[in-house]
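Trainee:
There are 2 protein chains.
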Amino acid sequence: MHSPSSPDVKPLAIVPSPEHDAAANSVLGKVRLILEAFGPDDESLGLSEIVRRTGVAKASVHRLAQELLQWGLLERRGSEYWLGMRLFEIGQRVPRQRILREAARPFMEDLYQATGETIHLAVLDGLEVIYLEKVSGHGQVSRPSRVAGRMPLHCTATGKALLAFGPAALFGDVVATPLARVTPRTVTAPKLLAQEIQQARKAGYAVEREQTRVGYLSVAIPLTGATGTMVAALSVTAPTFRADVNKYVGLLSMVSRRITKSIMAADGGRT
Amino acid sequence: MHSPSSPDVKPLAIVPSPEHDAAANSVLGKVRLILEAFGPDDESLGLSEIVRRTGVAKASVHRLAQELLQWGLLERRGSEYWLGMRLFEIGQRVPRQRILREAARPFMEDLYQATGETIHLAVLDGLEVIYLEKVSGHGQVSRPSRVAGRMPLHCTATGKALLAFGPAALFGDVVATPLARVTPRTVTAPKLLAQEIQQARKAGYAVEREQTRVGYLSVAIPLTGATGTMVAALSVTAPTFRADVNKYVGLLSMVSRRITKSIMAADGGRT
DNA sequence: GGGCCCGTTCCGCTCAGCGAGACAGGGCCG
DNA sequence: CGGCCCTGTCTCGCTGAGCGGAACGGGCCC
Chain A
-11 MHSPSSPDVK PLAIVPSPEH DAAANSVLGK VRLILEAFGP DDESLGLSEI VRRTGVAKAS
49 VHRLAQELLQ WGLLERRGSE YWLGMRLFEI GQRVPRQRIL REAARPFMED LYQATGETIH
109 LAVLDGLEVI YLEKVSGHGQ VSRPSRVAGR MPLHCTATGK ALLAFGPAAL FGDVVATPLA
169 RVTPRTVTAP KLLAQEIQQA RKAGYAVERE QTRVGYLSVA IPLTGATGTM VAALSVTAPT
229 FRADVNKYVG LLSMVSRRIT KSIMAADGGR T
Chain B
-11 MHSPSSPDVK PLAIVPSPEH DAAANSVLGK VRLILEAFGP DDESLGLSEI VRRTGVAKAS
49 VHRLAQELLQ WGLLERRGSE YWLGMRLFEI GQRVPRQRIL REAARPFMED LYQATGETIH
109 LAVLDGLEVI YLEKVSGHGQ VSRPSRVAGR MPLHCTATGK ALLAFGPAAL FGDVVATPLA
169 RVTPRTVTAP KLLAQEIQQA RKAGYAVERE QTRVGYLSVA IPLTGATGTM VAALSVTAPT
229 FRADVNKYVG LLSMVSRRIT KSIMAADGGR T
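In order, the protein sequences belong to chains A and B.
This note's numbering numbers the first residue of the first sequence as -11 and each following residue consecutively.
This note's numbering numbers the first residue of the second sequence as -11 and each following residue consecutively.
This is how it looks when you write it as structure tokens:
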């Protein structure tokens, strides 16, 4: 918003993207910019920092922040703004995660007890997986996954399960753009990926070895809803040296059937 | 849903509250009404249903819904609107829950493995507890608690822990309005409640016997942040017939110290 | 003191947002 | 079949909610 040149002036907004300005002349657009100014690891932001990141006029940010404060979407301590509890509350109402999560949760607990390894529940969102739930033990903070975090489809076991058993058109969309190399062993060639998908389709589950993180592998299985279409993926992630793929496959497939039943019982047939 | 009298005209909004109209003439106010039209158990709503619940003009709801759709706060299947995944995503960024949750999570797992009973993590929000996390096994769907759900302070173990070890002014605010009787054994007399709080303060933990749900008891312990002030409560809930309060107290107090350390290590000193 | 950046407030302009109303489609009933 | 009612969608002219440049007061550091 602030123009280039002029050496002393603050260096423009973080996002000078083209559609940025287009979004900014609607109230909702500004609110979006404000809320999304908080990155996944930001705890709190000062008003001026928000102004800098969003490019919205200070007076506007201030006014909207007051309104968001009143709603509870933002909170305030001193002169720092925090994302507010009400956001968490509303977020938990989202049915696509709530129903699946409530159904899968106890079974994920079982899987964790049986394996001692990290268990993930993921769904497709856009061209990425998004993790709905994660059950794990101590000392595994450095794993790149996180509840509500996103990962590419082509390098995760859950992603490959979604590619293999989810919407048919998905694969084409994914390989339309270059596949990111996450580790040295990440598959970036569409042909190879297609083979892996095919293999997963035959086996009934998907595996990923050190393609997301060196030293770890994951096994994932699809979950189907009442309509018979795939709605989510469930995975076990373990260090390669102690991983027992066959065991995981057995446990996952057993649990998968039970969760499907549980979903059908709890829910009318949506999800 | 349709009100009495006047057979043909629609009966105005469900909520004809005084501040309702005040909120409605701001864009954000309308958006709030729209998002909050989705109750905790609603899966999806049609446009007209939203209009009915919010009292906002149909054209406005339609326009705003389009914008929310584009943002991802709403999703759409057929002509039904659902709360969207992006809400879940943003909600998980809220630091007050994220930091605590990430720190407490593995320990809650330990507690569940050690007891086989339901484990809750709760914080104070307004004059209620709000559950940040819940770890439990199968077949306990009927428990009134739910992640991001709210419960009164005076009838829950976590609530009493917050009353005993949290802000000093809290007790006065809570007893300022009549205490709801949730079960026959719920304490509704302020004096009795004060005694229980005092007892909890002495013991270092809070107990609730069949005051939230007949046949169940809970034991809760406070969690303190880096500054030494109380920030959350952790509890075990079990059927009375097999509950072992002393065991729970021992486990909780051990875990409590570790979590506090973990919070201090992970976080600068906020929360 | 003087510069700097902070959060807050003011105020007149104007365009985003408004909502009554028209419209198209679909399901139900007589 | 036509009439009715309830959907979701779209148009269009009016207007006040929202806008943002600018000014203000306070805290911090040089």
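Think of the CB as a built atom: it goes at the ideal place given N, C-alpha and C, for glycine as much as any other residue.
Work out the CA separation of A/F153 and A/S250 for me, nearest whole Å.
Mentor: Approximately 20 Å, taken between the alpha carbons.
Trainee: Quick check on this structure: which residue in A/P210, A/F229, A/T200, A/T225 has the alpha carbon closest to the alpha carbon of A/K190?
Mentor: A/P210
Trainee: Quick one: list the residues of chain B neighbouring A/S124, beta-carbon separation under 9 Å, in chain order.
Mentor: Ordered by position in chain B, the residues that pass the 9 Å Cβ test against A/S124 are R93, P94, E97.
Trainee: What is the rounded straight-line gap between the Cα of B/M242 and the Cα of B/Q187?
Mentor: Distance between the alpha carbons of B/M242 and B/Q187: 20 Å.
Trainee: What first and last residue would you give for the alpha helix (DSSP H) that runs through B/E63?
Mentor: Segment 62 to 65 is the beta strand (DSSP E) holding B/E63; no alpha helix (DSSP H) there.
Trainee: Taking CB distances under 8 Å as the criterion, tell me whether A/I78 reaches chain B.
Mentor: Answer yes: the Cβ-Cβ gap between A/I78 and chain B drops below 8 Å somewhere.
Trainee: For my contact list, A/V224 and A/I107 are in at a C-beta cut-off of 8 Å; report their separation, rounded to the angstrom.
Mentor: Between A/V224 and A/I107, the beta carbon gap of about 6 Å places them in contact (Cβ cut-off 8 Å).
Trainee: Just to check my reading of the structure: B/E116 and B/P140 have Cβ atoms closer than 8 Å, yes? What is that Cβ distance to the nearest angstrom?
Mentor: With a Cβ gap of about 6 Å, B/E116 and B/P140 count as contacting.
Trainee: Going by beta-carbon coordinates alone, are B/T171 and B/T200 separated by less than 8 Å?
Mentor: Yes. Within cutoff.
Trainee: May I have the straight-line CA-CA distance separating A/P6 from A/A12, to the nearest angstrom?
Mentor: Annotation note: pLDDT 44 at A/P6 (below 50); position unreliable, no value reported.
Trainee: Along chain A, in chain order, which residues have C-beta atoms closer than 9 Å to that of B/E324?
Mentor: Residue 324 of chain B lies beyond the residue range present for chain B, which begins at -11 and ends at 259; the question has no answer from this structure.
Trainee: By the three-class DSSP mapping on this structure, what secondary structure does A/T146 have?
Mentor: helix
Trainee: Pair every Cβ in the segment 38 to 57 of chain A with every Cβ in the segment 58 to 71 of chain B, then say whether three or more of these pairs are closer than 8 Å.
Mentor: The segment 38 to 57 of chain A, when compared against the segment 58 to 71 of chain B, does not touch it at the 8 Å Cβ threshold.
Trainee: Decide if A/G147 is buried, meaning its Cβ has at least 16 other Cβ atoms within 10 Å, or exposed.
Mentor: buried
Trainee: Since I believe B/A149 is in contact with B/A102 (beta carbons under 8 Å), could you give me their beta-carbon distance rounded to a whole number of angstroms?
Mentor: Actually they are not in contact, since the Cβ atoms of B/A102 and B/A149 sit about 20 Å apart, beyond 8 Å.
Trainee: Please classify B/V207: does DSSP put it in a helix, a strand, or coil?
Mentor: strand
Trainee: Could you round the C-beta distance between B/E198 and B/T228 to whole angstroms and report it? I think they count as a contact, below 8 Å.
Mentor: That pair is a contact at about 7 Å.
Trainee: So the beta strand (DSSP E) A/E196 belongs to, where does it begin and stop?
Mentor: 194 to 197
Trainee: Taking buried to mean at least 16 other C-beta atoms within 10 Å of its own C-beta, is A/L112 buried or exposed?
Mentor: buried
Trainee: Which whole runs of the alpha helix (DSSP H) in the segment 67 to 97 of chain B are 4 residues long or more, in chain order?
Mentor: 73 to 79
Trainee: State the Cα-Cα distance for the pair A/G27 and B/Q80, rounded to the nearest angstrom.
Mentor: 11 Å
Trainee: Does DSSP classify B/C14 as helix, strand or coil?
Mentor: Here residue 14 of chain B is Ser; the residue named in the question, Cys, does not match the sequence. If DSSP states are grouped into helix, strand and coil, B/S14 belongs with coil.
Trainee: Nearest-angstrom Cα distance between B/L205 and B/Y193?
Mentor: Rounded to whole angstroms, B/L205 to B/Y193 spans 13 Å at the Cα level.
Trainee: Compare the C-beta of A/V135 against all C-beta atoms of chain B and say whether one is closer than 8 Å.
Mentor: yes
Trainee: Can you pull the chain B residues whose beta carbon is under 7 Å from the beta carbon of A/R81, in chain order?
Mentor: F26, P28, L71
Trainee: Taking only the alpha-carbon atoms, compute the straight-line gap between A/M96 and A/T217 and give it to the nearest angstrom.
Mentor: Going by C-alpha positions, A/M96 is about 21 Å away from A/T217.
Trainee: Which residue's Cα is closest to the Cα of B/E184: B/I247, B/V202, B/H142?
Mentor: Considering only alpha carbons, the answer is B/H142.
Trainee: Hey, is B/E105's beta-carbon within less than 8 Å of any beta-carbon in chain A?
Mentor: No - not a single Cβ of chain A is within 8 Å of the one on B/E105.
Trainee: Quick one: is B/V3 near chain A, going by C-beta distance under 8 Å?
Mentor: Unreliable placement is indicated for B/V3, whose pLDDT of 41 sits below 50; no coordinate value is reported for it.
Trainee: Use the C-beta contact count for A/S(-7): other C-beta atoms within 10 angstroms, 16 or more gives buried, fewer gives exposed.
Mentor: For A/S(-7), the pLDDT reaches just 32, beneath the cut-off of 50, and the residue's location in the model is therefore unreliable, leaving the point undetermined.
Trainee: Is A/S133 buried or exposed, if buried means 16 or more other CB atoms sit within 10 Å of its CB?
Mentor: A/S133 should be labelled buried.
Trainee: Note down, in chain order, each residue of its chain lying with its Cβ closer than 7 Å to the Cβ of B/S48, except the 5 sequence neighbours on either side.
Mentor: K18
Trainee: Using only CA atoms, which one of B/A226, B/A214, B/L75, B/A92 lies nearest to B/G203?
Mentor: Closest by C-alpha distance to B/G203, out of B/A226, B/A214, B/L75, B/A92, is B/A226.
Trainee: What did DSSP end up calling B/D113 once you bin it into helix, strand or coil?
Mentor: Strand at B/D113.
Trainee: Which residues of chain B have a Cβ atom closer than 7 Å to the Cβ of A/Q325, listed in chain order?
Mentor: Here chain A comprises residues numbered -11 to 259, so residue 325 of chain A is not present and cannot be evaluated.
Trainee: Can you say whether B/P83 is buried or exposed, counting buried as having 16 or more other CB atoms within 10 angstroms of its CB?
Mentor: buried
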